[in-house]
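S.K.:
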């Protein structure tokens, strides 16, 4: 803590404890993660704000709230205790009684949804912890210098511990690094999905072209009749282009329905498995309309050659079939 506080550019340094504790309610015992809240109210407020905590019911814990706990959203939905937990319920943590102060709304992290939050003094008391720290949260003065401050912080800690690069027994992580890792994974997924989509488009387009070539061969006589009664080449061309476009549009509509069904199914399975809303599906209607328009365009594109072939047929040859 002292080393970190000496690093230039740091505004707040908040120690945290994260431990496993026995949690008992309605004579049913389980083991849950507990996270500490700092003993300074300003630091507590900063943690609530930085983690985007929202109350579902009850009240937030304050720095001086002893004998009380704040529970993640999973404790509202769980059935493992045989009886629903409520604000004011009495629970046993490491054999000592605590009162439930409130419940948090579902967060984006399933880990936060299953944590029991207590004041730092209470955690140290029930677990008999001395001068220990599991995690240190650092607030930087200038958000544009996060990476620079992280490098300085790492260098100072290595110097204090007489460690060389690659031999550190600690890690320094920033939100930007986490975001970069997530973006890298998403970019790889996007490349793979784009490749699959490109192959699918090519196969689907060739399928449309093949269907239209077959349609032209089977409908030569109809084309001949249309030309005999005055239809121009452009009329025949438009008829077949619209038909190929509609085939692409129907394929796109089926794809949209299958895609949405698959997305909702994956979201339901994942959220049910983890007991938290880790995947949320939102329907983008502009994107759906754009996908359908693109499907129509692909159909028209791959129907151009068969349509041109149909439009250039001579009436006499067409009527012979």
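Residue numbers (this note's numbering): 590 to 910. All C-beta atoms in this analysis are idealised placements derived from N, C-alpha and C, irrespective of residue type, glycine included. Since this is a predicted model, take the numbers as computed values, not measurements.
Taking the continuous alpha helix (DSSP H) assigned at residue 638, which residues delimit it?
M.R.: As a position in the chain shown, residue 638 is number 49, starting the count at 1. Element bounds for residue 638: 630–639.
S.K.: Could you tell me how far apart the beta carbons of residue 693 and residue 661 are, in whole angstroms, since I believe they sit closer than 8 Å?
M.R.: Locating residue 693 in the chain shown gives position 104, where the first residue counts as 1. Locating residue 661 in the chain shown gives position 72, where the first residue counts as 1. That pair is a contact at about 5 Å.
S.K.: Report back the beta-carbon spacing between residue 646 and residue 684 to the nearest angstrom; my notes put them in contact at under 8 Å.
M.R.: Translated into positions along the chain shown, residue 646 becomes position 57. Translated into positions along the chain shown, residue 684 becomes position 95. The pair is not a contact, with the Cβ atoms about 27 Å apart (cut-off 8 Å).
S.K.: Quick one: is residue 641 buried, meaning 16 or more other Cβ sit within 10 Å of its Cβ, or exposed?
M.R.: Within the chain shown, numbered from 1, the residue matching residue 641 stands at position 52. Exposed, by the Cβ-count rule.
S.K.: Does the Cβ of residue 739 have 16 or more other Cβ atoms within 10 Å, making it buried, or fewer, making it exposed?
M.R.: On the chain shown, position 150 is the one that residue 739 refers to. Buried.
S.K.: How many whole angstroms separate the CB atoms of residue 626 and residue 709, which I take to be in contact at a CB cut-off of 8 Å?
M.R.: The sequence position of residue 626 within the chain shown is 37, counting from 1. The sequence position of residue 709 within the chain shown is 120, counting from 1. That belief holds up - the Cβ atoms of residue 626 and residue 709 are roughly 6 Å apart, short of 8 Å.
S.K.: Between the Cα of residue 854 and the Cα atoms of 601, 673 and 869, which residue gives the shortest distance?
M.R.: Locating residue 854 in the chain shown gives position 265, where the first residue counts as 1. Nearest option by C-alpha distance: 869.
S.K.: Which residues mark the beginning and the end of the alpha helix (DSSP H) in which residue 884 is found?
M.R.: Reading the chain shown from its first residue, position 295 is the one you call residue 884. It spans 874–891 - the alpha helix (DSSP H) in which residue 884 sits, taken as one unbroken run.
S.K.: Out of 885, 902 and 861, state which residue places its alpha-carbon closest to the alpha-carbon of residue 667.
M.R.: Looking up residue 667 in the chain shown gives position 78. It is 861 whose Cα lies nearest to the Cα of residue 667.
S.K.: Taking all protein chains shown into account, decide if residue 846 is buried (16 or more other Cβ within 10 angstroms of its Cβ) or exposed.
M.R.: Numbered from its first residue, the chain shown carries residue 846 at position 257. Per the 10 Å Cβ criterion, exposed.
S.K.: Who are the near neighbours of residue 607 in its chain, counting only those whose CB is closer than 7 Å to its CB and skipping five residues on each side?
M.R.: Here residue 607 is taken as the residue at index 18 of the chain shown, counted from 1. The residues are 622, 624, 723 and 724.
S.K.: Is the beta carbon of residue 689 sitting closer than 7 Å to the one on residue 678?
M.R.: Sequence index remark: in the chain shown, residue 689 carries index 100 (1-based). Sequence index remark: in the chain shown, residue 678 carries index 89 (1-based). Contact flag set, yes.
S.K.: Could you check how far apart the C-beta atoms of residue 611 and residue 712 are, in whole angstroms? I think they sit under 8 Å.
M.R.: By 1-based counting over the chain shown, the position of residue 611 is 22. By 1-based counting over the chain shown, the position of residue 712 is 123. About 13 Å separates the two Cβ atoms, so there is no contact after all.
S.K.: Which first and last residues belong to the alpha helix (DSSP H) in which residue 740 is found?
M.R.: Here residue 740 corresponds to residue number 151 of the chain shown, with the count starting at 1. Looking at the DSSP string, the run of the alpha helix (DSSP H) that includes residue 740 is 735–750.
S.K.: Inspect the beta-carbon positions of residue 899 and residue 805 and report whether they are closer than 7 Å.
M.R.: Here the question's residue 899 lines up with position 310 in the chain shown. Here the question's residue 805 lines up with position 216 in the chain shown. Cβ atoms of residue 899 and residue 805: closer than 7 Å.
S.K.: So what does DSSP say about residue 719, is it helix, strand or coil?
M.R.: Numbered from its first residue, the chain shown carries residue 719 at position 130. Residue state, collapsed to three classes: coil.
S.K.: In whole angstroms, give me the CA-to-CA distance for residue 609 and residue 874.
M.R.: The residue labelled residue 609 in the question sits at position 20 within the chain shown. The residue labelled residue 874 in the question sits at position 285 within the chain shown. Each residue's alpha carbon lies about 45 Å from the other.
S.K.: In chain order, what residues of the same chain have a beta carbon less than 6 Å from the beta carbon of residue 856, not counting five sequence neighbours either side?
M.R.: Along the chain shown, one-based indexing puts residue 856 at 267. So the qualifying residues of the chain are 868 and 870.
S.K.: Whole angstroms is fine: what's the gap from residue 757's alpha carbon to residue 718's?
M.R.: Residue numbering aside, residue 757 sits at position 168 when the chain shown is read from its first letter. Residue numbering aside, residue 718 sits at position 129 when the chain shown is read from its first letter. Cα to Cα, residue 757 sits roughly 25 Å from residue 718.
S.K.: When the Cα atoms are used, what is the spatial distance from residue 628 to residue 636?
M.R.: In the chain shown, counting from the first residue as 1, residue 628 sits at position 39. In the chain shown, counting from the first residue as 1, residue 636 sits at position 47. So the alpha carbons of these two residues sit roughly 12 Å apart.
S.K.: Label residue 816 either buried or exposed according to how many other C-beta atoms from any shown protein chain fall within 10 Å of its C-beta, with 16 as the threshold for buried.
M.R.: Here residue 816 refers to the residue found at position 227 of the chain shown. When all chains shown are included, residue 816 counts as buried.
S.K.: Three or more C-beta pairs closer than 8 Å, one from the region 827–835 and one from the region 885–905: is that the case here?
M.R.: Contact between the region 827–835 and the region 885–905 is present, because at least three Cβ pairs lie under 8 Å.
S.K.: Using a 10 Å radius around the Cβ and a threshold of 16 neighbouring Cβ atoms, would you call residue 832 buried or exposed?
M.R.: On the chain shown, position 243 is the one that residue 832 refers to. Residue 832 is buried by the Cβ-count criterion.
S.K.: Per DSSP, what kind of secondary structure is residue 627 in: helix, strand or coil?
M.R.: Within the chain shown, numbered from 1, the residue matching residue 627 stands at position 38. Residue 627: coil per DSSP, three-state reduction.
S.K.: Starting from residue 605, trace the beta strand (DSSP E) both ways and give me its first and last residue.
M.R.: In the chain shown, the residue the question calls residue 605 occupies position 16. Unbroken beta strand (DSSP E) run through residue 605: 599–605.
S.K.: How many angstroms separate the CA atom of residue 822 from the CA atom of residue 812?
M.R.: In the chain shown, the residue the question calls residue 822 occupies position 233. In the chain shown, the residue the question calls residue 812 occupies position 223. Residue 822 and residue 812: Cα-Cα distance of roughly 10 Å.
S.K.: Keeping to the same chain, check which residues put their C-beta closer than 8 Å to that of residue 885; ignore five residues upstream and five downstream.
M.R.: For the purposes of this step, residue 885 is taken as the residue at position 296 of the chain shown. So the list reads 834, 835, 837, 838 and 841, once near-sequence residues are dropped.
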